[in-house]
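Visitor:
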Amino acid sequence: MKTLLLFLAGIFSIVTFSQDGGLDTSFGDGEIVITDLNNSQDLVFNVAEQADQKIIVSGVTMQSNQNYYPYLVRFMPDGTLDTAFGLNGLVLKNDVGFYDFSYLFIDDSQRIIAAGPKNQSSTFVIAKYLDSGNLDTTFADNGIKTIPDGNYVAMNLMDDGSFLLLKFSANNTITLNHYLSNGVLDLNFGNNGAAISTFSGDSFQGVEIKTDADNNIYFLGKRDNNANSDIILMKFNADGYLDNNFGTNGMAIKNIDALNPMNFSTASLDFTNDNKILIAGSCGACIDLFEPVMQPYFIRYQNDGQPDSSFGNNGTVLLPISSFSITQVIIQENQRILVAGKLLDCFEGSIYKIERYFPGGTSDYSFLGASLEFDNYKTILQEEGNIVSAGNTYWYNGVEDVILVRHNNNPLSLPEFENQDISIFPNPSTGIFTVEKINFAEKQTYQIIDITGKIIESGEFSDLQSKIDLSNAQSGLYFMTTSIGTFRLIKN
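Counted the way mature numbering (1 follows the signal peptide of the UniProt record, and there is no 0) counts, the sequence shown spans residues -18 to -1, 1 to 474.
#1: Where in the segment 52 to 104 do unbroken runs of the beta strand (DSSP E), each at least 3 residues long, occur, reported from the N-terminal end onward?
#2: Work out the CA separation of residue 231 and residue 196 for me, nearest whole Å.
#3: Kindly confirm or deny that the segment 372 to 379 and the segment 311 to 318 touch, where touching means at least three C-beta pairs closer than 8 Å.
#4: Would you grab the beta carbon distance between residue 134 and residue 149 for me? Rounded to a whole angstrom, and I think it's under 8 Å.
#5: Starting from the C-beta of residue 142, find all residues in its chain whose C-beta is less than 7 Å away, skip the five residues before and the five after it, and write them out in chain order.
#6: Provide the residue(s) that pair with residue 289 in DSSP beta bridges, ordered along the chain.
#7: If we ignore side chains and look at the alpha-carbon of each, how far apart do residue 251 and residue 320 end up?
#8: With a CB to CB cut of under 8 Å and the five nearest residues on each side skipped, what residues in its chain are close to residue 221?
#9: Have a look at 271, 367, 275 and 286 and flag the residue whose alpha-carbon is nearest the alpha-carbon of residue 256.
#10: Can you find at least 3 beta carbon pairs, one from the segment 378 to 388 and one from the segment 9 to 22, that sit closer than 8 Å?
#11: Give the DSSP bridge partners of residue 473, in chain order.
#12: Whole angstroms is fine: what's the gap from residue 48's alpha carbon to residue 42's?
#13: If distances are taken between C-alpha atoms only, which option among 346, 274, 169 and 211 comes closest to residue 184?
#14: Taking all protein chains shown into account, decide if residue 449 is buried (16 or more other Cβ within 10 angstroms of its Cβ) or exposed.
#15: Flag residue 254 as yes if its beta-carbon sits less than 8 Å from any beta-carbon of chain B, otherwise no.
#16: In three-state terms, what does DSSP make of residue 19?
#17: Report buried or exposed for residue 127, applying the criterion of at least 16 other Cβ atoms within 10 angstroms of its Cβ.
#18: Under a Cβ-count criterion, where at least 16 other Cβ atoms within 10 Å of its own Cβ denotes burial, should residue 458 be classed as buried or exposed?
#19: How big is the Cα-Cα spacing for residue 347 and residue 473?
#20: For residue 381, which residues from the same chain have a beta carbon less than 6 Å from its beta carbon, with the 5 sequence-adjacent residues on both sides left out?
#21: Residues in the same chain with beta-carbon distance under 7 Å from residue 249, minus the five sequence neighbours each way, listed in chain order, please.
#22: Whole angstroms is fine: what's the gap from residue 10's alpha carbon to residue 169's?
#23: What is the rounded straight-line gap between the Cα of residue 349 and the Cα of residue 1?
#24: With burial defined as no fewer than 16 other Cβ atoms inside 10 Å of the residue's Cβ, what is the status of residue 30: buried or exposed?
#25: Anyone know if the C-beta pair for residue 299 and residue 266 falls short of 8 Å?
#26: Nearest-angstrom Cα distance between residue 356 and residue 26?
#27: Our contact map puts residue 469 next to residue 406 with C-beta atoms below 8 Å; I'd like the distance itself, whole angstroms only.
#28: Among 91, 303 and 50, which residue has its Cα nearest to the Cα of residue 33?
#29: Going by the beta-carbon positions, is the gap between residue 38 and residue 54 smaller than 8 Å?
#30: Report all residues from its chain with a CB closer than 8 Å to the CB of residue 35; omit the five preceding and five following residues, and keep chain order.
#31: Name the residue from 295, 110 and 129 whose alpha carbon lies nearest to the alpha carbon of residue 100.
#32: Less than 7 Å between C-beta atoms, sequence neighbours within five positions excluded: which residues of the same chain meet that for residue 112?
#33: Under DSSP, the beta strand (DSSP E) around residue 311 begins and ends at which residues?
#34: Assign residue 426 to one of three DSSP states: helix, strand, or coil.
#35: Please say whether residue 272 and residue 327 have beta carbons closer to each other than 8 Å?
#36: Decide if residue 303 is buried, meaning its Cβ has at least 16 other Cβ atoms within 10 Å, or exposed.
Laid out in structure tokens, this is it:
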């Protein structure tokens, strides 16, 4: 196994890597870490961070015998391989037919839980590993739990180390199973370990399951129709049964216009600090080769399943139409919204993309982001705030390898207001910043402060759009303070 460190000369200038959202130059020996596992085809499915900031990646690798095997590989916080984990950083499960490590979790004891379907069958397999990479023999059958008839579509780790598994029992029936941390089915959950609920409407595709602070269970799904998509959110109580007081009979459904036939959609969910549910995704189609038309969106619900009328247009924000397919959303502690995904080309590849938004759904132009050529599968927010994305290189650039990137992420720690009143662009800028007031007020005073705390400019916004001219100021970081908050200005 070898690790290659790729420097993307010419894509960004050196100064951008220290900026908010820029790639982290301290990660590896460059800005991107590419790892080949034993000269094999390596596909990435998931990534997680341990308490010591080490990074675990899971996926499948194909050796010369044409069989796929699940793997775990661990990286140190600086992006180098952790040779103390498994065999030189790699744990490889050599059981023929044991195919998939698509689910990956770290429990409070820093044990690693990896799971997935066996050989694309109805058998579901869960493996638990110690921090060393050895199987935890106290879990299930010497570290492995095999569940027949386990055609699960979603899995979630609970705070106590137990886990939930969800499957469709029929087109209108959902079953939740709860397993204890030792791998034993919890017979006190539901009826002998199974909580079965029925719902109205057609079947749909499950996307993910998450629990809130009160252990309420939210299941996100989608239904792609001929020219639109239904984004479906279901809520189950902590006992595993559908909460019929949520939305309409336990379901909240939002239809997004796909703009074209032959559509497809994506969706992801997270929670705000006031227990609202935010869904982000994209819905669209490939009109022709190299012609993707996607409608990225945000949907926000109150915790009773009703649209949050204070957000966008009755709970929905439609972002500009583009080729951006949002596959994941993460809400930061200050309530800014991170979205990650791909710029599609409707052919053989895509471009990795990450963006940040204010809580009201407007773009955060202070976040540099990135557009890099690799197939992104999972993004996580590290404990210290940096962003790590994992995926693999494309086959047309050679046999696929594991790829990791890390972004700086240092917005102001102060929470944002629920309705963001000011948008600033471009940011970074060479000197001229446009300040747009989303909710127009007649007058609003401001000050521009440098990093030493010195006031270098003050004034008053009296129009919907105003200009701030920092052309004569030195390049660097400045802060604009107003009555509604403090905003970061970056001058190149």
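Ideal placement from N, C-alpha and C gives every residue a C-beta, glycine not left out.
In this text, all values refer to a predicted model and were calculated from it rather than measured experimentally.
Guide: With the structure as the only source:
#1: The segment 52 to 104 contains these whole beta strand (DSSP E) runs: 72 to 74, 85 to 88 and 94 to 99.
#2: When the Cα atoms are used, residue 196 and residue 231 turn out to be separated by approximately 20 Å.
#3: Remark: fewer than three beta-carbon pairs, one from each stretch, lie closer than 8 Å, so the segment 372 to 379 and the segment 311 to 318 are not flagged as touching.
#4: Going by Cβ atoms, the distance from residue 134 to residue 149 rounds to 5 Å, so yes, they are a contact pair.
#5: Closer than 7 Å at the Cβ level, and outside the excluded window around residue 142, lie 163.
#6: For residue 289, which the question treats as bridged, DSSP gives the partners 283.
#7: Taking the Cα positions, residue 251 is about 11 Å away from residue 320.
#8: Short of 8 Å from the beta carbon of residue 221, and not among the five residues preceding or following it, lie these beta carbons of its own chain, in chain order: 171, 172 and 177.
#9: Ranked by Cα distance from residue 256, the first of 271, 367, 275 and 286 is 286.
#10: The segment 378 to 388 is in contact with the segment 9 to 22.
#11: Note: residue 473 sits in a beta bridge opposite 411 and 458.
#12: For residue 48 and residue 42, the distance between alpha carbons rounds to 12 Å.
#13: Among 346, 274, 169 and 211, the Cα nearest to that of residue 184 belongs to 211.
#14: Exposed, since its Cβ has fewer than 16 Cβ neighbours within 10 Å.
#15: Protein chains in the displayed structure number just one, and chain B is not present.
#16: Coil.
#17: Buried, by the Cβ-count rule.
#18: By the neighbour-count definition (other C-beta atoms within 10 Å, threshold 16), residue 458 is an exposed residue.
#19: So the two alpha carbons sit approximately 12 Å from each other.
#20: The answer, listed in chain order, is 23.
#21: Same-chain partners within the cutoff: 189, 202, 204, 213, 261 and 263.
#22: For residue 10 and residue 169, the distance between alpha carbons rounds to 47 Å.
#23: Residue 349 and residue 1 have their alpha carbons spaced roughly 8 Å apart.
#24: With 16 or more Cβ atoms within 10 Å of its Cβ, residue 30 is classed as buried.
#25: In this structure, residue 266 does not lie closer than 8 Å to residue 299 by Cβ.
#26: Approximately 11 Å between the Cα atoms of the pair.
#27: Yes, residue 469 and residue 406 are in contact; Cβ-Cβ is about 6 Å, under 8 Å.
#28: The residue from 91, 303 and 50 with its alpha-carbon nearest to that of residue 33 is 91.
#29: The answer is yes: Cβ separation under 8 Å.
#30: Within the same chain, residue 35 has close Cβ partners 59, 364, 365 and 366.
#31: The candidate whose alpha carbon is nearest that of residue 100 is 129.
#32: Result list for residue 112: 93 and 118, in chain order.
#33: 306 to 313 is the span of the beta strand (DSSP E), which, as asked, contains residue 311.
#34: In the structure shown, residue 426 sits in a strand (DSSP, three-state: E or B).
#35: A contact, by the Cβ cut-off of 8 Å.
#36: Per the 10 Å Cβ criterion, exposed.
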